[in-house]
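First the structure, in the form of C-alpha cells, and then the observations on it.
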Amino acid sequence: MSEETNKKKQSRMQRVVTGTVLAAGLIVILALGKWVTALAIVAALCLAVYEEFGAFRAGGYRPVMWPSYAALAVSVPLMLMHSAVSVAPVMMVFSIAILFCVMRREKPELLDALISATPLITLVLPGMCAIGVLDTEPRSLQLYLLLMMFAVPILGDTFAYVVGSNVGGPKLCPLISPNKTISGAIGGLLGSVLGAVAVGRLFHAFVPAVAFPPMWAELVVGLVGGAAAQMGDLFASMIKRHCKIKDFGHLFPGHGGMLDRLDSIVFTAIIIYCFRTFLL
C-alpha cells in the first residue's frame, strides 16, 4: 500500500472518529435544553465568526469585528423570549454600527464595510434563527425542528460525497470548489430529503400525540434546506479561495475549523426557522 493511500485512509478514519465525537456532543447539548443549547450555539458561532474574520484579515481586509460578537450576545435573551420580532432590529442596529465604524476611519473603504457585514449575514442571522427554534413549544416539536436542522445538511453532505466520488461527471462550480460535481449535488439533495423525511417519520411514530407536519412539507423542507446547505458550503469555499487559505482553522482533526463544520448547517438553519414560522 502506497504512502498516499495510507494518508487517505488515516484521514478518513480521523474524520469518522471526530464526526462521531461531534455527533455525541450534539446529542448531549440538545438534550440539556433551551438555555444550555442556546449558549452552546453562541459559543460555536463566536468561534466561527473569529475564523471568518481571520480569513478576511489574511485576505488583506480590515473588518470591524465587535458588532458581530455583540449581536450574538444579545441574540440569546431576545430570541428566546421575543423570537418573532427580534431579527430585524438586531440586524439593523449592528449593520448601522458597522457602517459608522468604517466611515469614521481615516481611509474608509467600501469593501471593508461589506466584509465586516458578511459574518453578520452569514453567521449571526442563521444563529439567531437556530436560537429562535428553541422558543418552540411543545418540546417534541422543538426537537423535531432541531434534529431536522442538522439531519438535512449532514446527510446531504454525506450523500454528496459518496455519489460524487463514485459517479463523478461534470463539475458543479470548478472555479470555487474543483472537487464538487453535479452528480454529487443531486445526490446531496436526495440525502437531504431523506434526512428530513426520516426525522419526520421518526417523530410521527414515537410521538403520535403531537400533530407534526405532513410528509409533503418535509419533502419541501429537505429539498430547499438541502439546496441552502450546498450554497453555504460553496460560499465558504469561495471565501477560502478568495482569501487563499485551505481551512478556516484546525480545531477538529480531519475536519478543519468550526466554520468548516458549520458552513452548510448555518444556511439550513434559516430554512428551518422559516418552516417553524409557517408552522406556528
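The sequence shown maps to residues 0 to 279 in numbering that gives the first Met the number 0.
We treat Cβ as the ideally placed atom computed from N, Cα and C, and that holds for glycine.
Keep in mind the model is a prediction, meaning the values are calculated, not measured.
Assign residue i to one of two classes, buried (16 or more other C-beta atoms within 10 Å of its C-beta) or exposed (fewer than that).
{"i": "Val16", "result": "exposed"}
{"i": "Glu105", "result": "exposed"}
{"i": "Lys239", "result": "buried"}
{"i": "Leu258", "result": "buried"}
{"i": "Arg103", "result": "exposed"}
{"i": "Lys179", "result": "buried"}
{"i": "Glu136", "result": "exposed"}
Would you list the one or two residues that DSSP bridges to residue i?
{"i": "Ser176", "result": "Cys172"}
For residue i, name the three-state secondary structure that DSSP assigns.
{"i": "Phe211", "result": "coil"}
{"i": "Phe251", "result": "strand"}
{"i": "Asp262", "result": "helix"}
{"i": "Ile26", "result": "helix"}
{"i": "Tyr272", "result": "helix"}
{"i": "Ile120", "result": "helix"}
{"i": "Lys239", "result": "helix"}
{"i": "Leu133", "result": "coil"}
{"i": "Gly280", "result": "Summary: the structure shown does not reach residue 280, with the chain confined to residues 0 through 279, and so no result is reported for it."}
Between which two residues does the alpha helix (DSSP H) harbouring residue i extend?
{"i": "Ile153", "result": "Arg138 to Val166"}
{"i": "Lys33", "result": "Lys33 to Ala57"}
{"i": "Arg200", "result": "Ile181 to Phe205"}
{"i": "Leu71", "result": "Trp65 to Met102"}
I believe residue i touches residue j by the beta-carbon criterion, under 8 Å. Please report the beta-carbon distance rounded to the nearest angstrom.
{"i": "Asp262", "j": "Gly224", "result": "The pair is not a contact, with the Cβ atoms about 14 Å apart (cut-off 8 Å)."}
{"i": "Ala268", "j": "Cys128", "result": "5 Å"}
{"i": "Val101", "j": "Val48", "result": "That pair is no contact at about 17 Å."}
{"i": "Pro118", "j": "Glu51", "result": "5 Å"}
{"i": "Ser94", "j": "Ala116", "result": "6 Å"}
{"i": "Met147", "j": "Ala195", "result": "6 Å"}
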